[in-house]
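When the letters of the sequence shown are read in order and numbered with the working numbering, they come out as residues 2 to 229. We put the CB at the ideal spot given by N, CA and C, even for glycine. First the structure, in the form of C-alpha cells, and then the observations on it.
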Amino acid sequence: MKSALLALLLLPLAASADNERQPYACDNGSHIEISFSANSDGRPQATLHFADEAITLPQVPAASGTLYRNETLRLHTKEERALFEDDKGNRRDCLRGNTPPPGAASPAPAAASSFVDIAGSVSYLQRIALPPDAVLIVRIQDTARAGAPARTLAEQRIELAGQQVPINFQTTIDRDLIGKRARITISARIESRGKLLFINDRSYPALTDGQPNPVEMRLKPAARGPRR
Numbered sequence: 002m003k004s005a006l007l008a009l010l011l012l013p014l015a016a017s018a019d020n021e022r023q024p025y026a027c028d029n030g031s032h033i034e035i036s037f038s039a040n041s042d043g044r045p046q047a048t049l050h051f052a053d054e055a056i057t058l059p060q061v062p063a064a065s066g067t068l069y070r071n072e073t074l075r076l077h078t079k080e081e082r083a084l085f086e087d088d089k090g091n092r093r094d095c096l097r098g099n100t101p102p103p104g105a106a107s108p109a110p111a112a113a114s115s116f117v118d119i120a121g122s123v124s125y126l127q128r129i130a131l132p133p134d135a136v137l138i139v140r141i142q143d144t145a146r147a148g149a150p151a152r153t154l155a156e157q158r159i160e161l162a163g164q165q166v167p168i169n170f171q172t173t174i175d176r177d178l179i180g181k182r183a184r185i186t187i188s189a190r191i192e193s194r195g196k197l198l199f200i201n202d203r204s205y206p207a208l209t210d211g212q213p214n215p216v217e218m219r220l221k222p223a224a225r226g227p228r229r
C-alpha cells in the first residue's frame, strides 16, 4: 500500500460519509474525502478517507498553506486546493467540491517541489543499551541569528520501543521557510521519562549549497549533575 498510496485516489469513496468529511475532485478524475481534526496531544492532522481504509497525516510547519505528511505521502492544502505527492514524485492536484481543478490535464503546480526532505541517522559510541521507553527528538532549526534562540522549522519524535542505534530519521521542511541568510542545522537528543540521556555536542548542517545531504549524527552522553 505504502509504495503506491496515490493509487488509492482511484478507488471509489465509501458509501457513507460523516458531516466532517470534505469532498475533493482531482485532476485524474478521482475523488477523495478529507477530514481535519487534532490528535490526543492537540496536534492538527488530516485524515484521507478511502472506500476500505483511512490514512492520517500529522501537520508539519509550512511557509504558506498547510502541510500534512507521513513517511511516504504529503498533502499540501491552501484555500480550496489540495496537492498530493508521494515519495516517488507522483502528484495529484485536487479542488474542494465535486468539480476537478481548472486545466486538470496540465501538470500539477510546483508547490510540492518546494518541500525539502532531510534525512540522516543518530548513533553514539558508548556500549549502553537504550531503555524501552526512550524517545529520539530531532529538530531542524535556523540558527543564523547570533545570540538569539534557534528557530525550529520541524520536529520529529520517534518512540524507540526498544530500538537501538543507529536510528534513522526523516522529516520535511518547506523551502519557503529558508531565508537567504538562514543557517539550517539539525539537533538531536534521546530522552527517557523526561530525563536527557544523549545529545549532540556540535552543529550538524542540514543543507549543502541549498540541497539536503544524509547526515550521520554522533551523540554524546548527557552531563551528569554533581553528586551529593
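Using only the alpha-carbon positions, how far apart do residue i and residue j sit?
i           : j           : result
residue 91  : residue 84  : 11 Å
residue 37  : residue 184 : 33 Å
residue 69  : residue 33  : 16 Å
residue 96  : residue 60  : 19 Å
residue 203 : residue 172 : 20 Å
residue 54  : residue 28  : 22 Å
residue 211 : residue 44  : 29 Å
residue 174 : residue 116 : 6 Å
Can you check which of these residues, the options, is closest to residue i by C-alpha distance?
i           : options              : result
residue 190 : 139, 77, 120 and 47  : 139
residue 181 : 146, 202 and 168     : 146
residue 163 : 173, 80 and 136      : 136
residue 143 : 205, 55, 30 and 43   : 205
residue 176 : 66, 29 and 55        : 66
residue 192 : 218, 212 and 134     : 134
residue 218 : 225, 187, 53 and 195 : 187
residue 170 : 141, 195 and 151     : 141
residue 129 : 24, 22 and 220       : 220
residue 50  : 195, 23, 94 and 39   : 23
residue 194 : 152, 131 and 166     : 131
residue 103 : 166, 41, 21 and 30   : 30
Less than 6 Å between C-beta atoms, sequence neighbours within five positions excluded: which residues of the same chain meet that for residue i?
i           : result
residue 215 : 120 and 121
residue 148 : none
residue 159 : 137
residue 58  : 47, 69, 70, 71 and 76
Considering only residues of the same chain and omitting the five flanking positions on each side of residue i, which have a CB-CB separation below 7 Å?
i           : result
residue 208 : 185
residue 197 : 190 and 223
residue 127 : 222
residue 157 : 139, 170 and 172
residue 200 : 190, 220, 221 and 223
DSSP state of residue i, grouped into three classes?
i           : result
residue 153 : strand
residue 215 : coil
residue 94  : strand
CB-CB under 8 Å to residue i, same chain, minus the five flanking residues each way: which ones, in chain order?
i           : result
residue 168 : 122, 123, 124, 137, 159 and 161
residue 100 : 26
residue 81  : 96, 97 and 98
field: Those runs of the beta strand (DSSP E) which lie wholly inside the stretch 45 to 72 and span at least 3 residues
entry: 45 to 50, 55 to 61 and 67 to 70
- prompt: Along the chain, which unbroken stretches of the beta strand (DSSP E) at least 3 residues long are found entirely within the stretch 160 to 201?
  reply: 168 to 175, 185 to 193 and 196 to 200
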